[in-house]
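Peer 1:
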Amino acid sequence: MSLDSLEELVSFCKRRGFVYQSASIYGGLQGVYDFGPLGVELKKNIKDAWWKSMVYMRDDIEGVDAALLTQKHVLKNSGHEDTFSDPMTDCKVCKKRFRTDHLESDKCPSCGATELTESREFNLMLKTNVGPVVDEDAFAYLRPETAQGIFTNFKNVLDSASPKIPFGIAQIGKAFRNEITPKNFIFRVREFEQMELEFFVEPGTDDTWHEYWVENRLKWWEDQGVPRSSLVLEHQTADDLAHYSKATVDILYHFPHGLEELEGVANRTDYDLGSHSKEQQDLHLSATVKTNEESCAKLIVQPQNNDPKKYVPFVIEPSAGVERAFLAILSEAYTKENLADGKSRVVLKLKPHLAPIKVAVTPLAKNKPELVNLAKEVVQKLRQSISGRVALEAGGNIGKMYRKNDEIGTPVCITIDFESIESDVQTVTLRDRDTMEQTRIPVSELPQTIAKMLS
Ligand code: GAP
Numbered sequence: 085m086s087l088d089s090l091e092e093l094v095s096f097c098k099r100r101g102f103v104y105q106s107a108s109i110y111g112g113l114q115g116v117y118d119f120g121p122l123g124v125e126l127k128k129n130i131k132d133a134w135w136k137s138m139v140y141m142r143d144d145i146e147g148v149d150a151a152l153l154t155q156k157h158v159l160k161n162s163g164h165e166d167t168f169s170d171p172m173t174d175c176k177v178c179k180k181r182f183r184t185d186h187l188e189s190d191k192c193p194s195c196g197a198t199e200l201t202e203s204r205e206f207n208l209m210l211k212t213n214v215g216p217v218v219d220e221d222a223f224a225y226l227r228p229e230t231a232q233g234i235f236t237n238f239k240n241v242l243d244s245a246s247p248k249i250p251f252g253i254a255q256i257g258k259a260f261r262n263e264i265t266p267k268n269f270i271f272r273v274r275e276f277e278q279m280e281l282e283f284f285v286e287p288g289t290d291d292t293w294h295e296y297w298v299e300n301r302l303k304w305w306e307d308q309g310v311p312r313s314s315l316v317l318e319h320q321t322a323d324d325l326a327h328y329s330k331a332t333v334d335i336l337y338h339f340p341h342g343l344e345e346l347e348g349v350a351n352r353t354d355y356d357l358g359s360h361s362k363e364q365q366d367l368h369l370s371a372t373v374k375t376n377e378e379s380c381a382k383l384i385v386q387p388q389n390n391d392p393k394k395y396v397p398f399v400i401e402p403s404a405g406v407e408r409a410f411l412a413i414l415s416e417a418y419t420k421e422n423l424a425d426g427k428s429r430v431v432l433k434l435k436p437h438l439a440p441i442k443v444a445v446t447p448l449a450k451n452k453p454e455l456v457n458l459a460k461e462v463v464q465k466l467r468q469s470i471s472g473r474v475a476l477e478a479g480g481n482i483g484k485m486y487r488k489n490d491e492i493g494t495p496v497c498i499t500i501d502f503e504s505i506e507s508d509v510q511t512v513t514l515r516d517r518d519t520m521e522q523t524r525i526p527v528s529e530l531p532q533t534i535a536k537m538l539s
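Numbering (the numbering used here), first residue to last: 85 to 539.
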C-alpha cells in the first residue's frame, strides 16, 4: 500500500524531520518551507545524484554556481521582465487572489461569490534592494530560474574551459517566484531549487538532442526509484510554450494531489544567447542603458570544421525542481506493509544512495558499557569507509529502533549484542530494511559487506 493522501505525507515529513513550514513559530510564511535533519540529507543526496550523472559521469558538461542576485538588464533581455507572469483574478467579496488559469468556474473557489475582477498579468519575479541607497533603480532580481546565470557565463566558460560543441553547463541552486497561489505542500513554492542543464548544440541537430535528453532524464528518474510507469510525457501546445521555447516536453508525475509537471525538457533555440548578444541588446534596450564590452560580447561559436561562419548555438534544457523531485521520490518510496505477526509497518523504500541515514548502529542494552563502546567503535569504523550518515542509536528497545529506521528509509541496521563481545571473533547482526532478514557477520567484514548492500 502506498500513500493515502498528500496530508499523510505532510504529517510524516514534519514528524520525522524532513520538512517544516518556514517560521512556523510565527505562524509561517506562505509558500516557503525549511528542511529538517533528514530532509537536508535527502535533498543533498538527490542533488548529488543529479550532479554525478550530469557532470562527473561525462566529459561534455561543466558545472557553475552563479549568483542569486541578478542584474535587471539580464532579465530584461531574457524576456522575463516583459513576459514572466501569470494571469491573476481577485474576488471582490473575500478579496482573495487566484491564478485565472487555475479557476474551475467563474465563481470564487474560496467563498463562491461570482463578483470577480477582470484577469490581469502579474509578474512573478521578486525584487530586492541593492546597496545603501533605497531608490527605484537600486534593485536586483532574485533569479526566477538558474538558467540565466549559465547564459551570462557562456563566454567565460567557453574561454576558460574550452569545451567543444556539443557541450553543456550544469547548475543547481535556488530560484524565487512570487507565485500567486503557492500550494500542495512543497510542490508550488516561492523559494525552491532547480537542477538545470543548458546543453549547447549546432542548429539543425537540436531536435535529435532534444529527444536524447528526454530519454536520458527518464532513465535518471528510474535510477532514483521513479519508474517510467509512474511518469507521463506531455508535449506542450503552442499556447503553453514559454516565450523562449520552440518545443517543450513535460515529464509529469502522479503526485499525491494529482498528475503534474515534475520536470520540463525545452528546446530554447538560440533565444537566450541571441538575446544577450550585442545586436539583440541594441534591439531590446533603450539607448540610455549602458552596457560594458564584456556584456556586449557575441555569444557565438566557431564550427568544428573551421567553417569561418560562426553561429549562435541552440540550447536544450532539462530543468527539474529539487522540491518536486523530493516529493516524487518520497511518494514513490513510502510503503505500508502488513507483517506476518499481524502488525504493520511503514517503510521508506528509498534507493540506498538517496537514504538520509545509510546505517544505524545500536547496542542491545544502553546501560552495558561493553556493548555501548563496541557500538561506538563500529560507528567510527564505518564513518571512515561509508559516504553519508552513520547513526549511533542509544539502544534499548530494538523493535522500536527497527520500526523508526524502516520509516525513515535506513537500508541497514546493525545490532551489537552479548554474542558480539563474548565470542573470540567479534560479530554483529545486520538487518536489511526491505526483507527484514538478519545475518550475523564478523566486525572485520562490515565495511565490505555494507558497501555491497548500499551499492
Ligand atoms: N529554466 C526553465 C524553467 O525554469 P520552469 O518549467 O518554469 O522552467 C522548471 O521550471 C522546473 O522547476 C519545473 O519543472 C519544476 O520542477 C520547478 N519549479 C518551477 N516552479 C516551481 C515552484 N513554484 N515551486 C517548486 N518547483 C518549481
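All residues carry an ideal CB built from backbone N, CA and C; glycine is no exception.
These figures come from a predicted structure and were not determined experimentally.
(1) For chain D, find out if any of its Cβ atoms is closer than 8 Å to the Cβ of T292; answer yes or no.
(2) How is D88 classed by DSSP in three states: helix, strand or coil?
(3) Comparing C-alpha positions only, which one of Q308, W305, K303 and D334 sits nearest to E318?
(4) Quick check: the Cα distance between V298 and S314, rounded to an integer number of angstroms?
(5) According to the Cβ coordinates, are D144 and F269 closer than 8 Å?
(6) What three-state label does DSSP hand A439 in the structure shown?
(7) Exposed or buried, which one is A535 when buried takes at least 16 other CB atoms within 10 Å?
(8) Whose CA, out of K303, W293 and V462, lies closest to the CA of P563?
(9) S528 and L87 - do their beta-carbons sit closer together than 8 Å?
(10) Please check the pair P228 and A259, which I expect to be a contact at CB under 8 Å, by giving their CB distance rounded to whole angstroms.
(11) Cutting at 7 Å between CB atoms, please list the residues of its own chain near Q155, excluding the five before and the five after it.
(12) When the Cβ atoms of the stretch 395 to 410 are set against those of the stretch 127 to 141, are three or more pairs found closer than 8 Å?
(13) What span of residues does the alpha helix (DSSP H) with M485 cover, start to end?
(14) Does DSSP put T513 in a helix, a strand or coil?
(15) On the premise that P402 lies in contact with V385, defined as a C-beta separation below 8 Å, what is that separation, rounded to the nearest angstrom?
(16) Of the choices V512, C497, V496 and P495, whose alpha-carbon is the least far from that of E503?
(17) Starting from P171, trace the beta strand (DSSP E) in both directions and tell me its first and last residue.
(18) Indicate whether L122 and P440 have their beta-carbon atoms separated by less than 8 Å.
(19) Compute the minimum distance between the beta carbon of V273 and the heavy atoms of ligand 1, and state whether it is under 7 Å.
(20) Check Q62 in the structure and name its three-state DSSP category.
(21) Shorter than 7 Å, the distance from the beta carbon of G163 to the closest heavy atom of ligand 1, or not?
(22) Would you check whether ligand 1 has a heavy atom nearer than 7 Å to the C-beta of S403?
(23) Does G472 pass the burial test, meaning 16 or more other C-beta atoms within 10 Å, or should it be called exposed?
(24) Cβ of I234 within 8 Å of Cβ of V148?
(25) Need the endpoints of the beta strand (DSSP E) that P402 sits in, please.
(26) Which value, in whole angstroms, describes the spacing of the CA atoms of A63 and R467?
(27) Under 8 Å: do the stretch 421 to 430 and the stretch 276 to 289 share three or more Cβ pairs, one atom per stretch?
Peer 2: On the basis of the data shown:
(1) Absence of chain D from the displayed structure is noted, only one protein chain being present.
(2) coil
(3) D334
(4) 15 Å
(5) no
(6) coil
(7) exposed
(8) Outside the modelled stretch of the chain, which goes from 85 to 539, sits residue 563, for which no answer is possible.
(9) no
(10) 6 Å
(11) A224
(12) yes
(13) I482 to I492
(14) strand
(15) The Cβ separation is near 21 Å, so there is no contact.
(16) V512
(17) S169 to D174
(18) yes
(19) yes
(20) Summary: the structure shown does not reach residue 62, with the chain confined to residues 85 through 539, and so no result is reported for it.
(21) no
(22) yes
(23) buried
(24) yes
(25) F398 to G405
(26) Look at the range of the chain in this structure, 85 to 539, and you will see that residue 63 is not part of it.
(27) no
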